[in-house]
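Residue numbers (the working numbering), protein chains in the order written: chain Z, 126 to 835; chain D, 25 to 206.
I have placed the structure first, in the form of structure tokens, so that the comments after it can refer back to it.
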Amino acid sequence: MPTQSQSIMSPFGLWVKDALRLVCALALCAATWPGSAGAETLPSEAAGESEVSVSPAETGGADFLALGLEDLMNMTVTSVSRKSQRVSDAAAAIFVITQDDMRRCGVTSIAEALRMAPGLEVARIDANKWAISSRGFNGRFASKMLVLFDGRTVYTPLFSGVFWDRQDTMLEDIDRIEVIRGPGAALWGANAVNGVINIITRSSGDTLGTQVSAGGGTQEKAFGAARYGSQLGEDATFRLYGKYTNRNSMDDLSGRDANNSWTALRGGFRVDADPSVQNTFTLQGDVYHERLHDTYVDSVPLGTFSHASTVFGANLLSRWKHSYSDTADLDLQLYYDRTDTDLGIFTEVSDTFDIDFQNRFALSQAQEVVWGGGFRFSHDSTTSPTSDLTVTPASQDSNIASSFVQDNITLIPDRVHLILGSKFEINSYTGFEWQPNARAIWTPNRQHSVWGAVSRAVRTPSRGEQSFSLYQPGPLVPRGPGLPPAQLLVHLAGNDQLQAEELIAYELGYRVEPTSTLSADLALFYNRYKKLSTLKSGATLEPAPQFPQQAALPLTLGNFGKAETCGLELAADYKALPWWRLRGAYSYLRILAIEAEQGAIFTNGKADSPQHQVSLRSSMDLAKSVEFDLWLRYVSALAFTNASTTAPIPVSSYLTLDARVAWKPWNRVELALVGQNLLQRSHQEFLSQQIATQATQVGRSVYGKVTWQY
Amino acid sequence: MIIKIVAYIMLILAALFLGAPLPCRAEVGQLSENQLKAAYLFNFAKFVEWPASAFAGAGAPLVIGFIGKGPYAEAHDALTGRIAKGRKVQVRQFSRVEEVAGCHILFIATSERGRLKEILRALPATGVLTVSDIGHFCNSGGMIALVNRGERVQFEVHIGNAERAGLKLSSQMLKLALAVLD
Chain Z
126 MPTQSQSIMS
136 PFGLWVKDAL
146 RLVCALALCA
156 ATWPGSAGAE
166 TLPSEAAGES
176 EVSVSPAETG
186 GADFLALGLE
196 DLMNMTVTSV
206 SRKSQRVSDA
216 AAAIFVITQD
226 DMRRCGVTSI
236 AEALRMAPGL
246 EVARIDANKW
256 AISSRGFNGR
266 FASKMLVLFD
276 GRTVYTPLFS
286 GVFWDRQDTM
296 LEDIDRIEVI
306 RGPGAALWGA
316 NAVNGVINII
326 TRSSGDTLGT
336 QVSAGGGTQE
346 KAFGAARYGS
356 QLGEDATFRL
366 YGKYTNRNSM
376 DDLSGRDANN
386 SWTALRGGFR
396 VDADPSVQNT
406 FTLQGDVYHE
416 RLHDTYVDSV
426 PLGTFSHAST
436 VFGANLLSRW
446 KHSYSDTADL
456 DLQLYYDRTD
466 TDLGIFTEVS
476 DTFDIDFQNR
486 FALSQAQEVV
496 WGGGFRFSHD
506 STTSPTSDLT
516 VTPASQDSNI
526 ASSFVQDNIT
536 LIPDRVHLIL
546 GSKFEINSYT
556 GFEWQPNARA
566 IWTPNRQHSV
576 WGAVSRAVRT
586 PSRGEQSFSL
596 YQPGPLVPRG
606 PGLPPAQLLV
616 HLAGNDQLQA
626 EELIAYELGY
636 RVEPTSTLSA
646 DLALFYNRYK
656 KLSTLKSGAT
666 LEPAPQFPQQ
676 AALPLTLGNF
686 GKAETCGLEL
696 AADYKALPWW
706 RLRGAYSYLR
716 ILAIEAEQGA
726 IFTNGKADSP
736 QHQVSLRSSM
746 DLAKSVEFDL
756 WLRYVSALAF
766 TNASTTAPIP
776 VSSYLTLDAR
786 VAWKPWNRVE
796 LALVGQNLLQ
806 RSHQEFLSQQ
816 IATQATQVGR
826 SVYGKVTWQY
Chain D
25 MIIKIVAYIM
35 LILAALFLGA
45 PLPCRAEVGQ
55 LSENQLKAAY
65 LFNFAKFVEW
75 PASAFAGAGA
85 PLVIGFIGKG
95 PYAEAHDALT
105 GRIAKGRKVQ
115 VRQFSRVEEV
125 AGCHILFIAT
135 SERGRLKEIL
145 RALPATGVLT
155 VSDIGHFCNS
165 GGMIALVNRG
175 ERVQFEVHIG
185 NAERAGLKLS
195 SQMLKLALAV
205 LD
């Protein structure tokens, strides 16, 4: 039975809806505005080009040809025309964060950059932890998104979550981040239930030369990075980078330092070679070491304690692409990834080997097929220095074999495409899984496109969910007159019979580009989840072997949950003036039904993701070398439930503003000043109750940065 | 209070929407990538000198050819009939290497990456300026490579390849090129 219907929106929510209706109406007006009338007067020919005579009859409005070479060199191409041209991507809710977006927003990490994308919930738990998900079910170890870093899967096999502090590189070397909400096109793995985040770095051929940057501030205490890129022989290029960051701790809810500062040192390389026109080869690797301060709360038996977690990681990836022709190519990728984590309550060393291949070819004039397969082997070994969190067995291997196929069928050339695909997987937890999907896209003309998709996606249980055991403080139970109440424990346990979570998603999208300066992208979705893993309490108390004299309430994981969600995401891009660009994103999420059968409970399923999110960015190019950017964000309220006392814990909505001013006094030097979260002294964004740490507030901060390039 | 600020911002946006003249596609500063490439080709036509043998006579047209897949209709409409170096510009589109003949500038699309060597070999030894946005074009025998630098499109020049084809590139163009290779 559906529980609360969440129909009562805050006044702001209602207001946002009205404003949206106004903007949509205006956009429709703009769309029906007569197209380019060519009525502009032609600029006169540049002096010295006397041999070029232009008569109005000949030009027909093509005055861009009159631009000189120097003007062309400085012209920025409107990004609306540089969106991904891949049809399979166009038939999905995709948003691309470009290098320029990241630079101008003043973000200092990939996690923060993701706030620009509609449909993503990004919440900062503390200085070194984030909770990021798409279309619901957010949490520190949110498991419904697949995150790829240059093709390398970065979620931890242990908990199917992503440690966002580790996903980093020299941000200037990132070409783009593709955020695809909804079950990823069948090309990716069994965790792409609610979306895929694809972080793509630039080829080393695009980062030649030396770049050094350094800065510091209140939250970003100190940071520095250096990169050197050069030719390597005739056909190859390479780069090396090193980066250091030192971040300050955030305060707890009463304003005291919560001991969550961290430092990270990282380095890496990338080599790209084009031995022949048909072959490209890439080899890249990173190594990093982090020291994160954590304050654990509600830990049994230690209560609250601090720990300096250390993380060491290294990875090596190689990729070879062979182009048979324009319509056929083969991709082969191998990588190795190692992480060594010591979180205090838990340590883990994990090694992953992965090999993937992908082949694209034209099956017929109207059909393009992509198919491929891969194999991933991972080994981990864990220890539990404190007894609250254990995984059994402590050390385990897992294998995943997967394959996929996708057929892009052109029903009407340049107008209608149908894409059918499926991914197949055999893993060591749940055996065989398949994820079919069907997408269609209709492009009546250059300005509009409509797409729809129906997909089935699956989230395989992680090793942790199959076999973990976690003790947390439970409710206090009165014992009788004169005796203090007994502290019960809560024993959360995994289940090795856990099955994969399932999703059937129905999506619809519309893109419009009424003029070259305005574009809008709308995506709607309706998701039905089954077999969500949730906790169910046992009938009787059980003893807790590691903690004598305390009894525990058993809560076991099982596939007891079902949910229905729907929502919409809107992104708009408007170049109001040649030097002023506005970009907005709005996300709406509504949980229609969420229930757990047989007396199981959803601890936070109801409101761990905000109902409304708004992001508005203004980018101005002032004078010749000054950039001024503003970024306004609104996130509506969250409501958590205390696991032990079942009391509600609200996290209120917030409105915040980031600002960046950058100045290039010389061609090679850029000075930037960035202010973050300027509107309020501090605000809370999330509450993490899994391996709970001290709740913190994100405070107002500022930093300065100098970048030197030659 | 804050809601009022946001309200004002949205009203300003709405006003801009209605008030700002919705510009023609070709307003300065807002070119599409294809328009930019067409503009480059037109400029190269103005800054390159062909040997006398490349043209049939004083009134012969300057032919810009395109080979490979791409949205060339716009470039075709924009360039046809324009005058560069006292000659009328004609635009031709080729789909097969064998068809390429009689053009002075050939733009090779990225779709032809696999057949690049074949195309360059099939061209006459002199008189054709090759331009492309295929990666490492100059190293593969091309003359002018269009490269993306962030949100801008700029160009590199291989002077050796151009001189071997009898073409002379103006020093103004060489000065502006990102790189002059030999």
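We treat Cβ as the ideally placed atom computed from N, Cα and C, and that holds for glycine.
If you're wondering where the values come from, they're calculated on a predicted model, not measured in any experiment.
Touching or not, the region 774-794 of chain Z and the region 300-309 of chain Z, by the rule of three or more beta carbon pairs under 8 Å?
no
Distance check for Z/T642 and Z/T157, CA to CA, integer angstroms please.
Bear in mind that a pLDDT of 42 at Z/T157, under 50, signals an unreliable position, so the model cannot answer this.
Where DSSP assigns a beta bridge to D/S77, which residues make up the other side?
DSSP output for D/S77 lists no bridge partner at all.
Quick check: is the beta carbon of D/H160 nearer than 7 Å to any beta carbon in chain Z?
yes
So, using beta-carbon positions, are D/L60 and D/V171 closer together than 7 Å?
Not closer than 7 Å, so no.
Anything in chain Z within Cβ reach of D/Y96, meaning under 7 Å, just list it in chain order.
Near D/Y96 there are no residues of chain Z at all, since even the closest Cβ is about 14 Å away, more than 7 Å.
Beta-carbon neighbours of Z/S778, restricted to chain D and to distances below 8 Å:
Residues of chain D passing the Cβ test: none, with the nearest at roughly 10 Å.
Amino acids of chain D, ordered along the chain, whose beta-carbon sits closer than 7 Å to that of Z/Q403:
Correct list: G138.
What residues in the region 439-472 of chain Z have a beta carbon less than 8 Å from any beta carbon of chain D?
Within the region 439-472 of chain Z, the qualifying residues are S448, Y449, S450 and D451.
In angstroms with no decimal places, state the Cα-to-Cα distance between Z/T429 and Z/D419.
10 Å
Between Z/V786, Z/E752 and Z/D733, which lies nearest to Z/V760 when the distance is taken from Cα to Cα?
Z/D733
Chain D beta carbons: is any one of them nearer than 7 Å to that of Z/M227?
no
With DSSP run on the structure shown, which of helix, strand or coil describes Z/M295?
coil
Just to confirm before moving on: does the CB-CB distance between Z/Y651 and Z/Y631 stay below 7 Å?
yes
DSSP state of Z/R416 mapped onto helix, strand, coil
strand
Buried or exposed: where does Z/W756 fall if 16 or more other Cβ atoms within 10 Å of its Cβ makes it buried?
buried
What span of residues does the alpha helix (DSSP H) with Z/N562 cover, start to end?
Counting along the chain, Z/N562 falls outside any alpha helix (DSSP H), though it belongs to the beta strand (DSSP E) covering G556 to N570.
Using CA atoms only, rank isn't needed, just tell me which of Z/A645, Z/G589 and Z/N319 is closest to Z/H573.
Z/A645
Within the same chain, show all residues whose beta-carbon is closer than 7 Å to that of Z/Y835, passing over the 5 residues directly before and after it, in chain order.
Shown here for Z/Y835: same chain residues with a beta carbon closer than 7 Å to its own, the five before and five after excluded, namely G334, T335 and R793 in chain order.
For the candidate residues Z/W833, Z/P426 and Z/S813, whose alpha-carbon lies nearest to that of Z/A256?
Minimum Cα distance to Z/A256 is reached at Z/S813.
Quick check on this structure: which residue in Z/M295, Z/S234 and Z/A563 has the alpha carbon closest to the alpha carbon of Z/T332?
Residue Z/M295 is the option with its Cα nearest to Z/T332.
Take Z/T781 and list the residues in its own chain whose beta-carbon comes closer than 6 Å to its own, dropping the five residues that flank it on each side.
Answer for Z/T781: R758, N802 and L804, listed in chain order.
Distance between beta carbons of Z/G392 and Z/Y366, contact taken as under 8 Å
The distance from the Cβ of Z/Y366 to that of Z/G392 is about 6 Å, consistent with a contact at the 8 Å cut-off.
Residues near Z/Y911 by beta carbon distance below 6 Å, same chain, minus five either side:
This structure leaves residue 911 of chain Z out entirely; chain Z is present only between 126 and 835.
Please list the residues of the region 110-142 of chain D that have a C-beta atom closer than 8 Å to any C-beta atom in chain Z, keeping them in chain order.
Legend: CB atoms of the region 110-142 of chain D lying less than 8 Å from CB atoms of chain Z belong to residues G110, S135, E136, R137, G138, R139, L140 and K141.
Within its chain, find whatever has a CB closer than 8 Å to the CB of D/P95; leave out the 5 residues flanking it on each side and keep chain order.
N58
Three-state secondary structure (DSSP) at Z/Y759?
Three-state result, Z/Y759: strand.
When you compare the CB of D/N185 with every CB in chain Z, is at least one pair closer than 7 Å?
no
Rounded C-alpha distance that separates Z/Y449 from D/G138:
7 Å
Cut-off 6 Å between Cβ atoms - residues of its own chain near Z/L441, not counting five sequence neighbours on either side
G410 and Y461
Assign Z/G438 to one of two classes, buried (16 or more other C-beta atoms within 10 Å of its C-beta) or exposed (fewer than that).
buried
Rounded to whole angstroms, what is the Cα-Cα separation between D/S119 and D/V181?
Cα-Cα distance, rounded: 25 Å.
Against chain D, which members of the region 366-400 of chain Z pass a CB distance test of less than 8 Å?
D399
Any heavy atom of the ligand NAP within a distance shorter than 6 Å of the CB on Z/N404?
With respect to small molecules bound, the structure shown includes none, and the ligand NAP cannot be examined in it.
Do you know whose CA, among Z/R584, Z/N404 and Z/K661, lies nearest Z/A625's CA?
Z/R584
Z/F500 at chain D interface by Cβ criterion, 7 Å
no
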